[in-house]
Amino acid sequence: MKRIAATDIETLGVVSRQNYLKLREERKLQQLKDEVEDDRYLFEEIPLSESEYRRTMYKEEICNLLVANKLDENHNEYYRIPEAFDDLKCAAVNQEKRFSVATQGYYDNHKEEAWEDNQIKKAFCDKKFEFKREITLEKSRAKRLVLNEERKKLPIYAFRDEFLQAVNDHQIIVIVGETGSGKTTQIPQYLHEDGYTKHGRMIACTQPRRVAAMSVAARVSQEMGVKLGHEVGYSIRFEDCTSEKTVVKYMTDGMLLREFLAQPELDSYSVVMVDEAHERTLSTDILFGLVKDVARARPDLKLLISSATLDAEKFSNYFDLAPIFKIPGRRYPVEIQYTKSPEANYLDAAVVTTLQIHATQSPGDILVFLTGQEEIETVEQILKHRVRGLGTKIAELIICPIYANLPTELQAKIFEPTPEGARKVVLATNIAETSLTIDGIKYVIDPGFCKMKTYNPRTGIESLLVTPISKASAMQRAGRSGRTGPGKCFRLYTAYSFQNDLDDNTSPEIQRTNLANVVLTLYSLGIEHEKLLRFEFMDPPPADAIKKAMELLYNLGALNGQGKLTKVGRRMAEFPLDPMLSKMIVASEKYKCSDEIISIAAMLSVGNSIFYRPKDKQVHADNARLNFHSGDVGDHIAYLNVFNSWKETNYSSEWCYENYIQVRCMKHARDIRDQLAGLLERVEIELISNSNDLDAIKKSILSGFFPHAAKLQKNGTYGRVKHLQTVHIHPSSGLAEVVPRLVLYHELVLTTKEYMRQVTEIKPEWLLEIAPHYYQLNDVEDSSSKKMPRGCGLAH
DNA sequence: GAGCACTGC
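With the UniProt record's numbering, you'll find the first sequence wraps up at 796, consecutive numbering, no jumps.
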């Protein structure tokens, strides 16, 4: 192609080269954005299935990659783009070519022609949009007719009148609806049709997951023939898609819990349906207690507890012997096979079983449940190796790993249809148990383990342990094979084990988590002190955990000596964060650095997967990370540096890739930060920046995290101040080599050792200044000048 | 010098 010198361009007098390039970038960006917008539009009009929805999301990410020019060879290897997006890649390349040609023409033909070209383009785009819109409307009309027929075929349709009668007769009903019964989509509609939304009151239906709330709302709006967000809407964090018209509202359970803060009697609702109650999320468990109480105060409020399991008796007993309404499901049979004897190595057994299925069983994809990323990577490698050994005698086996931390572009692979003659094997964590469904799975391999979080209220340590799953969980896993046709489930344990070793149900989250936030929420709902100790939990958490939470809240100044919520506590409760983080924000008012503190809080709550560390580029990734630690500022300030640097690049995705940072996490952090900024206004704390005074920022952090102080001991390890407990700085910390005398940490995790994650150096006098009620002089004195506490002496 | 299941506000 003919090159044009910069001087030529200037003499043409059209645009300066820089301006031209900028214009070109902008147009390219706009074009891509338009495509995504079009897809969004489609999403609004026609409810997407979950896999379609995810594909839309992935497409957006791909567009970001394209914009960030990540399609060149190097990055292609680093962020492999799934084949399904080949068309998009081609389009982008063609687009690029067309731009080049147009560029040439642009200069050759001068301003007018180019302008005309632009006009044509615009007209073309308008036309395309109009056309797409027409098709969409037509499709949606046709779909509505089909949907109406489909509604009548659902198992629940036959029980419609019987169900409405039951709701009329009873205030609380426990619904047992197997998967595919249509309860989630139909029940709110029936109630709406039966007049429960008169008098301006809504029907609420809670879901444990955001995607579920969105896609179900989209589906129902389509069935009812209304625009999503009007009569039917959804409400999830960062996104309220409802209006004054809304009568049927799908929401996450956590969102309803938040709404309780504003309206403790749930005045705007006539019916509350707690769906997927058997999952026993932290939020559902608290909702149970609250909603049961409200039902007593408001006889007109109807309560539906919907669960998929057969232990509905327990729910019924809890809700004062509420009647149980059973709805059959529509499922295919699943044949279950056990091993004859226990397997010594379940990874090996999983590989062997996979290959056996591949060699002997009829077509259909395989889903293997593993406990984590590491196992998945190991099995992937072994499988690849073994398949290579089999040569061409056998059909192709496509291996797809999936876990939550896998970059989004790579996750898309599992939704690609399996090519004719090949077989797909999906290696998944628990994410495939409930959070996402994969079409075409016919065989499930279940080794019977998962990783589970446990919390020790005495030490405050959380740890992830590989644990046997429960019977309920095993059934759920098996059910994943019978979604589109009869399936088979291979359990890598004996039938005896299943009967005798596995618990019936997974212990609810509320029994194995830090309750500080739960207790604060309940306090701000007026459930204080004795009332809280009497709170009707379906499965009460350990008394120790509640006591520990109260103690912490008292130390943070959220509760006073009489066990009442203080003004500080009330402000803290506004933030959807761990109380220590909330306290840190409230304290930032005093140190005039709220701007920096909410950035840090947002980054901390996104968690530990911000820094991406690919196996083959660990050194690069670590070096990139160290750039944010200059001056040994500590991990908290490093997080602040990351966020601010990203902000300075105008939230560039490209910058993230260069620095081995996960874009997804950063976007999430930005969303949280925006929300926190809004909440600051609510609690009347001014947004002030004080970026030069690092001590002020550290003091704010310490105001929330002073119980997490650890000091260096003679033997080089750390000891928690106030607790005789040895801890270590996590090697990923920027301070791991610095070894300061006194530090605060964000969290303590137990892996091979007890590690402090996210560490910042503090001064001893700050402890006395900020927490005189908690620390005494002898706590902060240099440990070397003092006798060693018992049990913490040197080894040997 | 080391490993992080999954959600949600």
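Each residue gets a CB set at the ideal place from its N, CA and C atoms; glycine is no exception.
Original post:
Taking the beta strand (DSSP E) that residue 728 falls in, what are its first and last residues?
Top reply: Taking the first residue of the first sequence as position 1, residue 728 is located at position 728. Element bounds for residue 728: 726-729.
**OP:** Apply the 10 Å Cβ neighbour rule to residue 381 and answer buried if 16 or more other Cβ atoms are within range, or exposed otherwise.
**Re:** Taking the first residue of the first sequence as 1, we reach residue 381 at position 381. By the 10 Å Cβ count, residue 381 comes out exposed.
Subject >> For residue 449, the first and last residue of its enclosing beta strand (DSSP E) >> reply: The count along the first sequence starts at 1 and reaches residue 449 at position 449. Counting along the chain, the beta strand (DSSP E) containing residue 449 begins and ends at 449-456.
Original post:
How about residue 808 and residue 277: do their beta carbons lie closer than 8 Å?
Top reply: The structure shown has nothing for residue 808, since the chain only spans 1 to 796.
Original post:
So what's residue 760 in DSSP terms, helix, strand or just coil?
Top reply: In the first sequence, residue 760 corresponds to position 760, counting from 1. Residue 760: strand per DSSP, three-state reduction.
Original post:
Thinking just about the alpha-carbon of each residue, which of 687, 400, 171, 644 is nearest to the one in residue 292?
Top reply: Residue mapping note: residue 292 aligns to position 292 of the first sequence, counting from 1. Among 687, 400, 171, 644, the Cα nearest to that of residue 292 is on 171.
**OP:** Just confirm the distance between the C-beta atoms of residue 470 and residue 505, as a whole number of angstroms; I'd bet it's less than 8 Å.
**Re:** Indexing the first sequence from 1 puts residue 470 at position 470. Indexing the first sequence from 1 puts residue 505 at position 505. That pair is a contact at about 5 Å.
Original post:
Excluding the five sequence neighbours on either side, which residues of its own chain have a C-beta within less than 8 Å of the C-beta of residue 650, listed in chain order?
Top reply: Taking the first sequence and counting its residues from 1, one reaches residue 650 at position 650. Excluding its 5 nearest sequence neighbours in each direction, residue 650 has no C-beta neighbour in its own chain below 8 Å.
Subject >> Of the residues 415, 392, 393, the one placed nearest residue 399, counting alpha carbons only >> reply: Taking the first residue of the first sequence as position 1, residue 399 is located at position 399. For the residues 415, 392, 393, the minimum Cα distance to residue 399 belongs to 415.
**OP:** Hey, could you find the ends of the beta strand (DSSP E) residue 375 is sitting in?
**Re:** Position 375 of the first sequence, counted from the start, is the residue given in the question as residue 375. That residue, residue 375, is in no beta strand (DSSP E); its alpha helix (DSSP H) goes 373-390.
**OP:** Taking only the alpha-carbon atoms, compute the straight-line gap between residue 626 and residue 646 and give it to the nearest angstrom.
**Re:** On the first sequence, residue 626 is found 626 positions in, with the first residue counted as 1. On the first sequence, residue 646 is found 646 positions in, with the first residue counted as 1. Residue 626 and residue 646: Cα-Cα distance of roughly 15 Å.
**OP:** In angstroms with no decimal places, state the Cα-to-Cα distance between residue 655 and residue 604.
**Re:** Taking the first sequence and counting its residues from 1, one reaches residue 655 at position 655. Taking the first sequence and counting its residues from 1, one reaches residue 604 at position 604. So the two alpha carbons sit approximately 20 Å from each other.
Subject >> C-alpha distance - residue 333 paired with residue 232, whole-angstrom precision >> reply: Counted from its first residue, the first sequence places residue 333 at position 333. Counted from its first residue, the first sequence places residue 232 at position 232. Taking the straight line from one Cα to the other gives about 34 Å.
**OP:** Return the chain-ordered list of same chain residues with a C-beta closer than 8 Å to the C-beta of residue 297, the five sequence neighbours on each side being excluded.
**Re:** Taking the first residue of the first sequence as position 1, residue 297 is located at position 297. These residues qualify, in order along the chain: 265.
Original post:
Is the region 664-682 in contact with the region 559-566, if contact means three or more CB pairs nearer than 8 Å?
Top reply: As far as the Cβ criterion goes, the region 664-682 does not touch the region 559-566, which means the pair count is below three.
Subject >> Three-way DSSP call (helix, strand, coil) for residue 636 in this model >> reply: Against the first sequence, residue 636 aligns to sequence position 636. Here residue 636 sits in helix by DSSP.
Subject >> Collapsed DSSP secondary structure at residue 307 in the structure displayed >> reply: Position 307 of the first sequence, counted from the first residue, corresponds to residue 307. In the structure shown, residue 307 sits in a strand (DSSP, three-state: E or B).
**OP:** State yes or no: is the C-beta of residue 640 within less than 8 Å of the C-beta of residue 596?
**Re:** Taking the first residue of the first sequence as 1, we reach residue 640 at position 640. Taking the first residue of the first sequence as 1, we reach residue 596 at position 596. Closer than 8 Å, so yes.
Original post:
If you check the beta carbons only, do residue 631 and residue 761 fall under 8 Å apart?
Top reply: By 1-based counting over the first sequence, the position of residue 631 is 631. By 1-based counting over the first sequence, the position of residue 761 is 761. Inclusion of residue 631 and residue 761 in the CB contact set at 8 Å is not warranted, their separation being larger than that value.
**OP:** Can you give me the Cβ contacts of residue 271 inside the same chain, cut-off strictly under 6 Å, excluding the 5 residues immediately before and after it?
**Re:** In the first sequence, the residue the question calls residue 271 occupies position 271. Here the set comprises 191, 196, 203, 302.
Subject >> Local Cβ density within 10 Å of residue 145, reported as buried at 16 or more and exposed below that >> reply: Position 145 of the first sequence, counted from the first residue, corresponds to residue 145. Exposed, since its Cβ has fewer than 16 Cβ neighbours within 10 Å.
Original post:
Would DSSP call residue 754 helix, strand or coil?
Top reply: The sequence position of residue 754 within the first sequence is 754, counting from 1. Three-state DSSP puts residue 754 in a strand.
Subject >> Length of the line joining the Cα atoms of residue 179 and residue 268 >> reply: As a first step, residue 179 must be located in the first sequence, where it is residue number 179. As a first step, residue 268 must be located in the first sequence, where it is residue number 268. Straight through space, the alpha carbons of residue 268 and residue 179 are spaced by roughly 29 Å.
Subject >> Unbroken stretches of the alpha helix (DSSP H), 4 residues or longer, contained in the region 595-633 >> reply: Entirely contained in the region 595-633, the alpha helix (DSSP H) runs reaching 4 residues are, in chain order, 618-626.
Original post:
Are the beta-carbon atoms of residue 156 and residue 166 separated by less than 8 Å?
Top reply: Sequence index remark: in the first sequence, residue 156 carries index 156 (1-based). Sequence index remark: in the first sequence, residue 166 carries index 166 (1-based). In this structure, residue 156 sits away from residue 166, with a CB-CB distance that is not shorter than 8 Å.
Subject >> Cβ separation of residue 366 and residue 357, assumed to be a contact under 8 Å, to the nearest whole Å >> reply: The residue labelled residue 366 in the question sits at position 366 within the first sequence. The residue labelled residue 357 in the question sits at position 357 within the first sequence. Approximately 6 Å separates the beta-carbon atoms of residue 366 and residue 357; this is inside 8 Å, confirming the contact.
Original post:
From this set, 391, 379, 396, 373, which residue's C-alpha is nearest residue 403's C-alpha?
Top reply: For the purposes of this step, residue 403 is taken as the residue at position 403 of the first sequence. The option with the nearest alpha carbon to residue 403 is 373.
Subject >> Distance between residue 679 and residue 257 (C-alpha atoms, nearest Å) >> reply: The count along the first sequence starts at 1 and reaches residue 257 at position 257. The count along the first sequence starts at 1 and reaches residue 679 at position 679. In a straight line, the C-alpha of residue 257 is about 17 Å away from that of residue 679.
Original post:
At what residues does the beta strand (DSSP E) containing residue 710 begin and finish?
Top reply: As a working note, residue 710 is residue 710 in the first sequence. Looking at the DSSP string, the run of the beta strand (DSSP E) that includes residue 710 is 709-712.
Original post:
How about residue 346 and residue 492: are their beta carbons less than 8 Å apart?
Top reply: Mapped onto the first sequence, residue 346 falls at position 346. Mapped onto the first sequence, residue 492 falls at position 492. Judged by their CB atoms, residue 346 and residue 492 are nearer to each other than the 8 Å cut-off.
Original post:
With 16 other CB atoms within 10 Å as the buried threshold, where does residue 238 fall?
Top reply: Taking the first residue of the first sequence as position 1, residue 238 is located at position 238. Classification for residue 238: exposed.
**OP:** Express the C-alpha separation of residue 497 and residue 580 in angstroms, rounding to a whole number.
**Re:** Here residue 580 refers to the residue found at position 580 of the first sequence. Here residue 497 refers to the residue found at position 497 of the first sequence. Straight-line measurement puts the Cα of residue 497 at about 42 Å from the Cα of residue 580.
Original post:
When DSSP builds the beta bridges, which residues end up paired with residue 401?
Top reply: If you number the first sequence from 1, residue 401 lands on position 401. Under DSSP, residue 401 shares a beta bridge with 427.
**OP:** List the residues that DSSP assigns as beta-bridge partners of residue 318.
**Re:** Taking the first residue of the first sequence as 1, we reach residue 318 at position 318. Residue 318 pairs with nothing; no bridge assigned.
**OP:** Taking residue 218 as the reference, give the member of 211, 228, 224 with the closest Cα.
**Re:** For the purposes of this step, residue 218 is taken as residue 218 along the first sequence, with counting starting at 1. Nearest C-alpha to residue 218: 228.
**OP:** Find the nearest neighbour of residue 282 within the set 624, 189, 517, 200, judged by alpha-carbon distance.
**Re:** Here residue 282 refers to the residue found at position 282 when the first sequence is read from its first residue. Comparing Cα-Cα distances from residue 282 to each of 624, 189, 517, 200, the minimum goes to 517.
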